[in-house]
Each structure stands twice: as C-alpha cells, then as structure tokens.
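> Got a structure for you, written out below as structure tokens; questions coming shortly.
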Amino acid sequence: MSSQFLVVDSKVLPDVFIKVIEAKELLKTGEVKNIQQAVKKVDISRSTYYKYKDSIFPFYEASKTKVVTIALMLSHESGVLSKVLDAIAKARGNILTINQNIPTHGIANVTISFESREMSLSGEEIIRDLYAIRGVNKIRIIGRE
Numbered sequence: 001m002s003s004q005f006l007v008v009d010s011k012v013l014p015d016v017f018i019k020v021i022e023a024k025e026l027l028k029t030g031e032v033k034n035i036q037q038a039v040k041k042v043d044i045s046r047s048t049y050y051k052y053k054d055s056i057f058p059f060y061e062a063s064k065t066k067v068v069t070i071a072l073m074l075s076h077e078s079g080v081l082s083k084v085l086d087a088i089a090k091a092r093g094n095i096l097t098i099n100q101n102i103p104t105h106g107i108a109n110v111t112i113s114f115e116s117r118e119m120s121l122s123g124e125e126i127i128r129d130l131y132a133i134r135g136v137n138k139i140r141i142i143g144r145e
C-alpha cells in the first residue's frame, strides 16, 4: 500500500495515536530521558511507540519542517519538471537538490529536496499544487528534517 498523508481531527483517532505524539513530545522537550520513560508516562507499550513513531506527527510539526525531500513520478514531457520547480519556488521553497533518472516507459523519476522554512504554503498545500500540474503522476514525501 502506498503512503498517503491525511489531515484528520484527533477526536476521531484511537487514543494510541495521540499517546504516541505525546511520547514524542516528552522526548523532544527533555521532560523524560528515554523512550521507556516516555511510553510509561503516556501508558503505551514500546512496541506500539516503535510501530507508529515514524508515521504520526502533529500537523504543526510537519509545517515547521526545514528540509523536505519528495519523490515524484513525472510524465516524460517537456516542461513538467520546470513547472514543478516553479511551483516550489513561487511558494518560496529553496531548492537544494534535484536528481532525475533517465526516463523509462514515458515516466521520469525525480527526487527534489528543498527548504520549507520560509514557504508561504503548508506542506499539504504545496503537494496539492504539485498534483495539479499536468504530468505529475505521483508524489511521495520521503524525508523531513
């Protein structure tokens, strides 16, 4: 199953997801010294924490990310990559790296890393705008720092 990012009201999520976020916050703020203390304090198992820790994060945390790396599948058509780069630049994203493989079967795989700290759009908004570009077939967020 491919990854899909959703914005979901926390009221409809199982408590375990909220507790994983709470545990991550305890670790981030230094309120606890290790994962064992964090999971004990929020009353979840370590296995639950490890299962979800890389998949769950608060909405505000995603929007404060400094460097985002995305993988895109683009139609091998003139100007598609240029439009993607223009959209990121117009949103005040600072392109750091671009890696494009040789297109095969009419599809070009591209990886782009960009700074998002000064962006005028949220992560969800820029992904939505990129999907609106003719020739953008798939986008996957592969890293955030």
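Numbering of the sequence shown is given in UniProt numbering, commencing with residue 1 and proceeding in unit increments. The C-beta atom is built at its ideal place from N, Cα and C for all residues, glycine as well.
So, are the CB atoms of A108 and L130 less than 7 Å apart?
No, the Cβ-Cβ distance between A108 and L130 is not below 7 Å.
> Taking the C-alpha atoms as reference points, what is the distance between S78 and S47?
Cα-Cα distance, rounded: 47 Å.
> Considering only the alpha carbon of each residue, which of F5, R134, E22 and I21 lies closest to V80?
The shortest C-alpha separation from V80 is found at R134.
> With a CB to CB cut of under 7 Å and the five nearest residues on each side skipped, what residues in its chain are close to P58?
These residues qualify, in order along the chain: I21.
> Hey, out of G123, H105, S82 and V136, whose CA is closest to G143's CA?
Of G123, H105, S82 and V136, the residue nearest in Cα terms is G123.
> Since I98 and I70 are thought to touch, with beta carbons under 8 Å apart, how far apart are those beta carbons, to the nearest angstrom?
Actually they do not touch by this definition, with Cβ atoms about 11 Å apart.
> Nearest to M119 by alpha carbon, out of V12, D54 and I95?
With distances taken between Cα atoms, M119 lies closest to I95.
> Say whether chain D places a C-beta atom closer than 7 Å to the C-beta of V110.
This model lacks chain D altogether; it includes just one protein chain.
> Pull the bridge partners of M73 from the DSSP assignment, please.
According to DSSP, M73 bridges with N109 and K138.
> Specify the secondary structure class of E124 as computed by DSSP and reduced to three states.
In this structure, E124 counts as helix in the three-state DSSP scheme.
> Looking at V67 and E115, is the spacing between their C-beta atoms short of 7 Å?
Closer than 7 Å, so yes.
> Under the rule that 16 or more other beta-carbon atoms within 10 Å means buried, what is Y50, buried or exposed?
With fewer than 16 other Cβ atoms within 10 Å, it is exposed.
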